[in-house]
Amino acid sequence: MSWTDERVELLKKMWSEGQSASQIAKELGGVTRNAVIGKVHRLGLSNRAGAAPAAAAEAKPEPKAQPAAAKAKPQPKPAPANKPEPAPEAKPQPVATTPAISPARKQIIPAGQPLPPQPSTNEISPEALAKVSEIEKKAKKLTLMELTERTCKWPVGDPATEDFWFCGLPVQQGKPYCEAHVGVAFQPMSARRDRRR
DNA sequence: CCCTGATTCGC
DNA sequence: GCGAATCAGG
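Residues are numbered in this note's numbering as their position in the first sequence, beginning at 1, plus a constant of 168.
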């Protein structure tokens, strides 16, 4: 595949829209994200200047004044030092509360058996909760089968209803949930204690 | 581990 | 000009 006018145009469009290089590459097909990034640079729009007003104070004193000896090929190649790897220490402890109880559930009585006692909202930080309800609008609303190792597995709604789905947003590394849901699922023990009412 | 963009350099 | 390999960061 070569960079035809239309392909370049699509590239420019998507790039200025904030699409990632990999997304653009997928859309275009026949190219890798590296190719896209390379092209972006050659086109000179690496600064995402597509629509960004940009900060006036763009102090870019980069003289770029490389002495004639530009061919300089330093590459100090620092030695990969060992990683002491801090220490587990104060690791937040997973809270085993049942997620459910989305704001949408309200007072509707589940069609089936009454749900088990739900600790729900009262023990979760308001901030985290707010964050959740906000991103839930953007949720992918996946079905059980659509979940992958990389999609948030946070359930939303009532399983006894049609109004039930899984968040599906990109998960936080290692975790089973997206950032927002990790926020309500995992809490430092202290925070949990303090909230006790 | 997954992803992001940035850079280098042989082709 | 092109883009894989690599780098650097989240």
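We put the beta carbon where it would ideally sit given N, CA and C, even for glycine.
Where the beta strand (DSSP E) containing proline 323 begins and where it ends
For the purposes of this step, residue 323 is taken as residue 155 along the first sequence, with counting starting at 1. That run of the beta strand (DSSP E) goes 323-325.
Rounding to the nearest angstrom, what Cα-Cα distance links valine 199 and methionine 169 in this structure?
Sequence index remark: in the first sequence, residue 199 carries index 31 (1-based). Sequence index remark: in the first sequence, residue 169 carries index 1 (1-based). When rounded, the distance between both Cα atoms is 7 Å.
Does the Cβ of glycine 351 have 16 or more other Cβ atoms within 10 Å, making it buried, or fewer, making it exposed?
Working through the first sequence from its first residue, we reach residue 351 at position 183. The residue in question, glycine 351, is buried, as its Cβ has 16 or more Cβ neighbours within 10 Å.
Mapping the DSSP letters down to three states, classify valine 367 as helix, strand or coil.
Past the boundaries of the shown model lies residue 367; the chain is included only from 169 to 365, so the question cannot be answered.
Compare the Cα-Cα distances from phenylalanine 332 to each of Pro323, Val339 and Gln340 and report the closest residue.
Locating residue 332 in the first sequence gives position 164, where the first residue counts as 1. Ranking the options by Cα distance to phenylalanine 332, first place goes to Pro323.
Tell me whether proline 294 sits in a helix, a strand or coil according to DSSP, three-state version.
Looking up residue 294 in the first sequence gives position 126. Helix at proline 294.
Please classify tryptophan 183: does DSSP put it in a helix, a strand, or coil?
Position 15 of the first sequence holds residue 183. The answer is helix: DSSP assigns tryptophan 183 an H, G or I state.
Given a threshold of 16 other Cβ atoms within 10 Å of its Cβ, counted over all protein chains shown, does lysine 207 qualify as buried or as exposed?
If you number the first sequence from 1, residue 207 lands on position 39. By the neighbour-count rule (16 or more Cβ atoms within 10 Å), lysine 207 is buried.
Between which two residues does the alpha helix (DSSP H) harbouring glutamate 347 extend?
Sequence index remark: in the first sequence, residue 347 carries index 179 (1-based). Note, glutamate 347: alpha helix (DSSP H), 347-353.
Under 9 Å between the Cβ atoms of proline 338 and threonine 319?
Within the first sequence, the letter at position 170 stands for residue 338. Within the first sequence, the letter at position 151 stands for residue 319. Their beta carbons are under 9 Å apart, which means proline 338 touches threonine 319 by this criterion.
Would the beta-carbon of phenylalanine 334 fall within 9 Å of that of lysine 309?
Along the first sequence, read from residue 1 onward, the residue named residue 334 stands at position 166. Along the first sequence, read from residue 1 onward, the residue named residue 309 stands at position 141. Going by C-beta atoms, phenylalanine 334 is nearer than 9 Å to lysine 309.
Determine the burial state of glutamate 174: buried for a count of at least 16 other Cβ atoms within 10 Å of its Cβ, exposed for fewer.
In the first sequence, counting from the first residue as 1, residue 174 sits at position 6. Glutamate 174 comes out exposed.
Would lysine 181 be called buried (16 or more neighbouring beta carbons within 10 Å of its own) or exposed?
In the first sequence, the residue the question calls residue 181 occupies position 13. Lysine 181 should be labelled exposed.
Can you tell me the Cα-Cα spacing of aspartate 362 and glutamate 302, whole angstroms?
Taking the first residue of the first sequence as position 1, residue 362 is located at position 194. Taking the first residue of the first sequence as position 1, residue 302 is located at position 134. Roughly 25 Å separates the two Cα atoms.
Take the Cβ of leucine 211 as the centre, count every other Cβ of all protein chains shown within 10 Å, and call the residue buried at 16 or more, exposed below.
Against the first sequence, residue 211 aligns to sequence position 43. Looking at its Cβ environment, which holds fewer than 16 other Cβ atoms inside 10 Å, leucine 211 is exposed.
What separation, rounded to the nearest whole angstrom, lies between the Cα atoms of cysteine 346 and glutamine 355?
Counting from 1 along the first sequence, the entry for residue 346 is found at position 178. Counting from 1 along the first sequence, the entry for residue 355 is found at position 187. Cα to Cα, cysteine 346 sits roughly 14 Å from glutamine 355.
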